[in-house]
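Undergrad:
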Amino acid sequence: MDPVMLAGVTLLQFMERVPDRVAAEHAVFHLGWKYALDLELTYGGFHPTVLVYFRDRLEEESVDPNEPAKVKGEPTDNFITEILTTEAAQGEMAGLAEALKRQQNQHEI
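Mapped onto this note's numbering, the consecutive letters of the sequence shown carry residue numbers 214 to 322.
#1: Kindly indicate which three-state DSSP category residue 255 falls into: helix, strand or coil?
#2: Measuring alpha carbon to alpha carbon, tell me which residue in 251, 311, 219 is nearest residue 259.
#3: Buried or exposed: which applies to residue 227, given that a residue is buried once 16 or more other Cβ atoms fall within 10 Å of its Cβ?
#4: Between 270, 214, 225, 231, which lies nearest to residue 249 when the distance is taken from Cα to Cα?
#5: Rounded to whole angstroms, what is the Cα-Cα separation between residue 311 and residue 229?
#6: Skipping 5 residues on each side, what residues in its chain have a beta carbon closer than 8 Å to that of residue 262?
#7: Considering only the beta carbon of each residue, do residue 252 and residue 223 sit closer than 8 Å?
#8: Measuring alpha carbon to alpha carbon, tell me which of 254, 268, 245 ends up nearest residue 318.
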């Protein structure tokens, strides 16, 4: 599973305050979520427990706020830092943020 996509699903899940099962269903059936996550219309989805395992992995690899930050390009054992520092992931997250803004603006009309 693509960790950037799972991070996006987790973000959308938090924003809409839905449980794992509903978030997994939205990734398959909700066109707004598919657009925000940059998924194909034919995306088959994933089992809701994938989100549980993803959050567990994030928790295992979480950063201690008292530790000094690592320099970009320096080897790190931190899973989420590696995801967020890659240029591709930054582009994906920027696209997700733009899609979310557009979706929120549509609700205001």
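We treat Cβ as the ideally placed atom computed from N, Cα and C, and that holds for glycine.
TA: Taking the coordinates as given:
#1: Here residue 255 refers to the residue found at position 42 of the sequence shown. DSSP places residue 255 outside both helix and strand once states are collapsed to three, so it counts as coil.
#2: Looking up residue 259 in the sequence shown gives position 46. Taking each of 251, 311, 219 in turn and checking the Cα distance to residue 259, the smallest one comes out for 219.
#3: Taking the first residue of the sequence shown as position 1, residue 227 is located at position 14. Under this definition residue 227 is an exposed residue.
#4: For the purposes of this step, residue 249 is taken as residue 36 along the sequence shown, with counting starting at 1. Among 270, 214, 225, 231, the Cα nearest to that of residue 249 belongs to 225.
#5: Counting from 1 along the sequence shown, the entry for residue 311 is found at position 98. Counting from 1 along the sequence shown, the entry for residue 229 is found at position 16. Residue 311 and residue 229 have their alpha carbons spaced roughly 17 Å apart.
#6: On the sequence shown, residue 262 is found 49 positions in, with the first residue counted as 1. Annotation for residue 262: 233 place their beta carbon closer than 8 Å to its own, counting only its chain and skipping 5 residues before and after.
#7: Counted from its first residue, the sequence shown places residue 252 at position 39. Counted from its first residue, the sequence shown places residue 223 at position 10. Here residue 252 is not near residue 223, since their CB atoms are 8 Å or more apart.
#8: Translated into the one-based positions of the sequence shown, residue 318 becomes position 105. The residue from 254, 268, 245 with its alpha-carbon nearest to that of residue 318 is 245.
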